[in-house]
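Trainee: Residue numbers (this note's numbering): 1 to 279. Glycine residues also receive a C-beta, built at the ideal position from the N, C-alpha and C atoms. Please read all numbers here as calculations on a predicted model, not as lab measurements. Before I ask anything, let me first share the structure, which is written out below as structure tokens.
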Amino acid sequence: MSAITGTAVATTAGAELRGVGVTIAGRRILDGVDLAVRAGELVALIGPNGAGKSTALGVLAGDTAPESGTALIDGRDARTVKVGELGRLRAVLLQQKGVSFSYPVREVVAMGRMPWARTPQSDDDAAIVADALERTSTAHLADRDVTTLSGGELARVSLARVLAQRCPIVLLDEPTDALDLGHQEQVLTLAAELARAGCAVLAVLHDLNLAAAYADRVVLLSDGRVVAEGTPEEVLTADRLADVYAYPVDVIPHPESGAPLVLPVRPQGVRRPSGTIEG
1 MSAITGTAVA TTAGAELRGV GVTIAGRRIL DGVDLAVRAG ELVALIGPNG AGKSTALGVL
61 AGDTAPESGT ALIDGRDART VKVGELGRLR AVLLQQKGVS FSYPVREVVA MGRMPWARTP
121 QSDDDAAIVA DALERTSTAH LADRDVTTLS GGELARVSLA RVLAQRCPIV LLDEPTDALD
181 LGHQEQVLTL AAELARAGCA VLAVLHDLNL AAAYADRVVL LSDGRVVAEG TPEEVLTADR
241 LADVYAYPVD VIPHPESGAP LVLPVRPQGV RRPSGTIEG
């Protein structure tokens, strides 16, 4: 049993898409997508707006049925996994984190324990919730009404709920959205820790430098298709990124880690030289 996941489910569980196609309102959102996230790795799913990243995550989670192809969870067709077991196999952080109900933060985080109700694992619910609050630096918010939180606070509380669920598969849709610099790093450090503890972790990210810094593998999606997959060094090349994102970039090694560092090529004169601002 993993010290972080705390589940009785084997931590060899993973999730996979095989030839998945999805059409919504006549538009092909995913087209023959193959994607896998395995136990012990953090995969970053990147791509421009409208590439199909959130849809791919939804299919991977078993929440969206593919029009073609297959979604596998723990080696089984996701459509055959019962809802209760699904909640014990995978935890999902959605892109939309807003709430319209008035509950204390502690109770919102405790909702992550619902799949474990009436199981031996539920005996530790209170301690698990407290640990999730502590890990996300939200313990001081435990008694606050969730509707009074800022966007960044709510994002961290939503992540705490995911951590409290303690599943071997963790799917995060833009987990750093609305977070400041320090909390972005904290969230991805937690994601990396989950992977090192044996979880299969996938994170949809827009920040390419965070993907380069933390991911074991990067999958680049464009127009509903996987255009590249591999290590950050293999995927994040200047020519490929400029082509997919339709914007020129430079890619250099990070001075300390050596990971790719993606720098947009900006027109000259967008920033004034020091000392030229009057007043």
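Tell me, please, whether the region 122-141 touches the region 36-53 by the rule of three or more beta-carbon pairs shorter than 8 Å.
Mentor: The region 122-141 is not in contact with the region 36-53.
Trainee: Can you tell which of Leu188, Val204, Gly152 and Leu159 has the C-alpha that lies nearest to the C-alpha of Leu179?
Mentor: When only C-alpha atoms are compared, the closest one is Gly152.
Trainee: So, are the CB atoms of Val307 and Leu30 less than 7 Å apart?
Mentor: What is shown of the chain runs 1 to 279, which leaves residue 307 out entirely.
Trainee: Check whether the Cβ atoms of Ala203 and Ala195 lie closer than 7 Å to each other.
Mentor: Cβ atoms of Ala203 and Ala195: not closer than 7 Å.
Trainee: Applying the criterion that 16 or more other CB atoms from any shown protein chain within 10 Å of the CB defines a buried residue, is Ser68 buried or exposed?
Mentor: Exposed, because fewer than 16 other Cβ atoms sit within 10 Å of the Cβ of Ser68.
Trainee: How would you call Val270, buried or exposed, if buried means at least 16 neighbouring beta carbons within 10 angstroms?
Mentor: Burial call: exposed.
Trainee: Can you pull the DSSP bridge partners for Arg28?
Mentor: Arg28 is bridged to Thr23.
Trainee: Within the same chain, show all residues whose beta-carbon is closer than 6 Å to that of Trp116, passing over the 5 residues directly before and after it, in chain order.
Mentor: Here the set comprises Ser122.
Trainee: Using a 10 Å radius around the Cβ and a threshold of 16 neighbouring Cβ atoms, would you call Glu16 buried or exposed?
Mentor: The residue in question, Glu16, is buried, as its Cβ has 16 or more Cβ neighbours within 10 Å.
Trainee: Go ahead and label Arg79 buried or exposed: buried means 16 or more other beta carbons lie within 10 angstroms of its beta carbon, across all protein chains shown.
Mentor: Flag for Arg79 reads exposed.
Trainee: Can you tell me which of Glu256, Val249, Ala215 and Gly14 puts its alpha carbon nearest to the alpha carbon of Thr189?
Mentor: It is Ala215 whose Cα lies nearest to the Cα of Thr189.
Trainee: How should Val218 be labelled, buried or exposed, when 16 other C-beta atoms within 10 angstroms of its C-beta is the threshold for buried?
Mentor: Buried.
Trainee: To which residues does DSSP link Asp145 through a beta bridge?
Mentor: DSSP lists Pro104 as partners of Asp145.
Trainee: Ignoring anything shorter than 3 residues, give me the beta strand (DSSP E) runs that lie fully in the region 153-187, in order along the chain.
Mentor: 169-173, all fully within the region 153-187.
Trainee: Out of Leu241, Ser158 and Leu154, point me to the one whose CA is closest to Val262's CA.
Mentor: The residue with the shortest Cα to Cα distance from Val262 is Leu241.
Trainee: For the alpha helix (DSSP H) that Gly286 lies in, which residues bound it at each end?
Mentor: The displayed coordinates of the chain run from 1 to 279. Any statement about residue 286 would go beyond what the structure contains.
Trainee: Hey, Arg144 and Asp125 are a contact pair by Cβ (cut 8 Å); roughly how many whole angstroms apart?
Mentor: Going by Cβ atoms, the distance from Arg144 to Asp125 rounds to 20 Å, so no, they are not a contact pair.
Trainee: Using 7 Å as the threshold, is the C-beta distance between Ala142 and Val187 below it?
Mentor: No, the pair does not count as a contact, with Cβ atoms beyond the cut-off.
Trainee: Hey, quick one: how far does the beta strand (DSSP E) through Asp250 stretch, first residue to last?
Mentor: Per DSSP, Asp250 belongs to the beta strand (DSSP E) from Val249 to Pro253.
Trainee: Can you tell me which of the three DSSP states Thr64 falls into?
Mentor: Coil.
Trainee: Buried or exposed for Pro267, going by 16 or more other Cβ atoms inside 10 Å?
Mentor: Exposed is the call here.
Trainee: Going by the CB atoms, is the gap between Thr136 and Ala160 shorter than 7 Å?
Mentor: Going by C-beta atoms, Ala160 is nearer than 7 Å to Thr136.
Trainee: Just list the residues that DSSP pairs Ala56 with in beta bridges.
Mentor: Ala56 pairs with nothing; no bridge assigned.
Trainee: Assuming Thr147 and Ser102 are in contact, meaning their beta carbons sit under 8 Å apart, how far apart are those beta carbons, in whole angstroms?
Mentor: Correct: roughly 5 Å between the Cβ atoms.
Trainee: Going by C-alpha distance, which of Cys199, Ile46, Ala200 and Val162 is nearest Ala211?
Mentor: The shortest Cα separation from Ala211 among Cys199, Ile46, Ala200 and Val162 belongs to Ile46.
Trainee: What whole-angstrom Cβ distance do Val83 and Ile73 have, given they're in contact under 8 Å?
Mentor: The pair is not a contact, with the Cβ atoms about 12 Å apart (cut-off 8 Å).
Trainee: Once the 5 residues before and after Ala228 are set aside, which same chain residues still bring their CB inside 7 Å of it?
Mentor: Cβ neighbours of Ala228 beyond the five flanking positions: Leu220, Val235 and Arg240.
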